[in-house]
Structure formats: C-alpha cells, structure tokens
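Numbering (the numbering used here), first residue to last: 18 to 261.
Ideal placement from N, C-alpha and C gives every residue a C-beta, glycine not left out.
I have placed the structure first, in the form of structure tokens, so that the comments after it can refer back to it.
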Amino acid sequence: MKIATITNKTNSGELSVSKSIGNLIIATDVAVGGFRIEKVTIYIERANGNNVYLANKVDLASFILASTYGSSAVQSRIDYNQIALCELAVDGGIFLDEKETLKIEFDGLDVTKKYDLFGVEEPEISNLLYFFENKSVSSEDTNKKIQLTEFDMMVLNNDDTISDISLTFANRQVIKYLPFELEILSKDIDPISVFGEVHGHGLSTVSLGYPRKLCLPLISVDFLEMNKEQGELVNFMVRTIKQV
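Given below as structure tokens:
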C-alpha cells in the first residue's frame, strides 16, 4: 500500500500506518550514495503511552543497508534511482493492537528530490522486530572499546579516520582488521548491493557495496575496539532483534 509521497520538504511529518506491515519500501530519485543528512524515525504508538521505538533519527543510508544486507539488493529503474525493501519484522507484519499505530518520520530530506513510501502487508503477524540504534566514537577519543553482544549487525561510515578495528569473539579470540580487510569481507558476504538499469535502456548494472558504508555481521562478536585519529567523530549504527 502507498503510504506517502514526499517532495519539496525537509521533514515528512509523522506518517501513520494502521495496518500490520512487515516491510517498508523506500523509493527515491536520490542517487545511490547520494544521501547526506537524511534520518528516519519509526515507532509503535501504544495506547498506554509506552511507545516502542524501532529507530530514532538513525542515518537513512545505514538503515537501508542494514535492512537489505545479505538478503536483497537495492534496486533502481527509470523512475527511481533507489528502491529499498527494508525489513521491520521477522517473518510477518508488526502486530498492532487496537488503537495502536506505526509512526514513520523522515528528517533532513533534499527538497529537490522525491521520496515515495510503501508498506508491505504480511499474511502472518510477528512480535519479533528489528531495532536500529545510533552509536559514536567521540572526536577526542583515539581508542574506544564497545560492547556489542546483543547486536547482530553494524553499519560503519568507511573513511580514512579509522586505522584498525579489533573484534573480540564469543570464544575470547581477538582479531585485528584493517578497514580494507573488513570492506573485502563485507563485500564477499553480500557481493551485489545495488542492481538496476542505466537510464532505462535495459542495460543492467551492479555495484559492489553501498558507497562509503561498511556493513559487518556481529554474530558471535562480543566487543569492538576501534583505533582512530583524534579530532574526527565516527558515527555508526547497530541493529538487534527483540520480541515485543
């Protein structure tokens, strides 16, 4: 079902969905790698006021990559430069009780671009949902160790600020990786990140990896330790699955 078309706005306002959708389709004429400061917020508005936030102003490009990594490629066609099928729930649509709604809001949008949103209803209902959370390493830090036991995936801004990343696994083994090594490992797991057409002439194109983003599965990873340059902030997003 069509949720909204957003144009000439930097903020979508709160969009309400009363049906149990399991996937959110984001279709836009923003080029792959063209997102800058776009953020997405998604939450379940509970009748008792105890709202459940799946995402609270998380980076839209990271949200799309985490939602599609290892499962489906970002598509494109003549009328959209990006079409992303973003999973919100595991094997079903989000359960909504009476008087509950799903709220979606986008910030930092490009006023010159169009964003079309669709919700995909599912035949089954699920209480197992994906949650997305912002994390960062401050500009003053040159070394930071972060516990990641509860998360299954992270999306990191891939730039020259990071010198190396060490992962501590559940078996207590610690392995240090260079950013280049992590990039190659990430692409090996999900080699085709973007698939589409060139100018609508039927010429297929594929892209290895989402530009300037690095996606890492965190299965059996307990800690991440990052060494980086001082004076540069490093932002990343992590994802977990919870039953609500």
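C-beta neighbour in chain C for residue i, strict 8 Å
{"i": "A187", "result": "No chain C is present in this structure, which holds just one protein chain."}
Nonlocal neighbours in the same chain, by C-beta distance under 6 Å from residue i, ignoring five residues either side
{"i": "E246", "result": "T178"}
{"i": "N244", "result": "N160, S180, D181"}
{"i": "R229", "result": "N175"}
{"i": "E139", "result": "G39, G109, G110"}
{"i": "N28", "result": "D124"}
{"i": "N17", "result": "This structure cannot settle anything about residue 17, because the visible part of the chain is limited to 18 through 261."}
{"i": "Y132", "result": "I23, T45"}
{"i": "Q266", "result": "The chain is shown only over 18 to 261; residue 266 falls outside these bounds and no answer can be derived."}
{"i": "E214", "result": "Bear in mind that the predicted position of E214 carries a pLDDT of just 49, short of 50, making it unreliable; the figure below should be weighed with that in mind. Within the same chain, E214 has close Cβ partners R94."}
Contacting residues, own chain, Cβ-Cβ under 7 Å from residue i (five flanking each side not counted)
{"i": "E31", "result": "K120, E122"}
{"i": "G248", "result": "S156"}
{"i": "V75", "result": "K56, V57, F149, N151, M254"}
{"i": "A48", "result": "N98"}
{"i": "V137", "result": "I38, G39, N40, I42"}
{"i": "K19", "result": "F135"}
{"i": "V261", "result": "V69, N144, L146"}
{"i": "E1", "result": "Coverage of the chain is limited to positions 18 through 261, which leaves residue 1 absent and any answer about it impossible."}
Bridge-paired residues (DSSP) for residue i
{"i": "I236", "result": "DSSP lists no partner for I236."}
{"i": "D205", "result": "Per DSSP, none; premise fails for D205."}
{"i": "G136", "result": "L41"}
{"i": "V255", "result": "E150, M171"}
{"i": "E141", "result": "In DSSP, E141 forms no bridge with anything."}
{"i": "V191", "result": "T185"}
{"i": "T129", "result": "Answer is none; T129 lacks a bridge partner."}
{"i": "Q260", "result": "L145"}
{"i": "E198", "result": "Its beta-bridge partners do not exist; DSSP assigns none."}
{"i": "E246", "result": "Bridge partners of E246: none, in fact."}
Exposure of residue i, with buried meaning 16 or more beta-carbon neighbours within 10 Å
{"i": "G87", "result": "exposed"}
{"i": "A187", "result": "exposed"}
{"i": "I201", "result": "exposed"}
{"i": "S84", "result": "buried"}
{"i": "I100", "result": "buried"}
{"i": "S237", "result": "exposed"}
{"i": "F197", "result": "exposed"}
{"i": "R256", "result": "buried"}
{"i": "S35", "result": "exposed"}
{"i": "I192", "result": "exposed"}
{"i": "S79", "result": "buried"}
{"i": "I206", "result": "exposed"}
{"i": "A72", "result": "buried"}
{"i": "L199", "result": "buried"}
{"i": "V172", "result": "buried"}
{"i": "L241", "result": "buried"}
{"i": "V107", "result": "exposed"}
Residue i Cβ short of 7 Å to the ligand NAD heavy atom set
{"i": "E200", "result": "Only the bare structure without any ligand can be found here, which leaves the ligand NAD out of the picture."}
Sequence-distant residues of its chain with Cβ nearer than 8 Å to residue i (five each side left out)
{"i": "D158", "result": "K245, Q247"}
{"i": "Y194", "result": "D181, I182, S183, L184, L202"}
{"i": "L250", "result": "S153, V154, S155, S156"}
**Q.** Unbroken stretches of the beta strand (DSSP E), 3 residues or longer, contained in the region 85-116
**A.** Runs of the beta strand (DSSP E) lying entirely within the region 85-116, each at least 3 residues long, are 91-94, 97-104 in chain order.
(Q) So, does the region 167-182 touch the region 55-67, judging by three or more C-beta pairs under 8 Å? (A) Segments in contact, no.
Q.
Restricting to runs no shorter than 3 residues, where is the beta strand (DSSP E) found entirely within the region 18-90?
A. List check, beta strand (DSSP E) in window: 19-24, 32-34, 38-45, 56-62, 69-76.
Q) Between the region 104-117 and the region 134-146, are three or more C-beta pairs nearer than 8 Å? A) Touching, yes.
Q) Curious, which full-length beta strand (DSSP E) runs of at least 3 residues does the region 145-189 contain? A) Fully enclosed beta strand (DSSP E) runs of 3 or longer: 145-154, 160-164, 170-174, 179-186.
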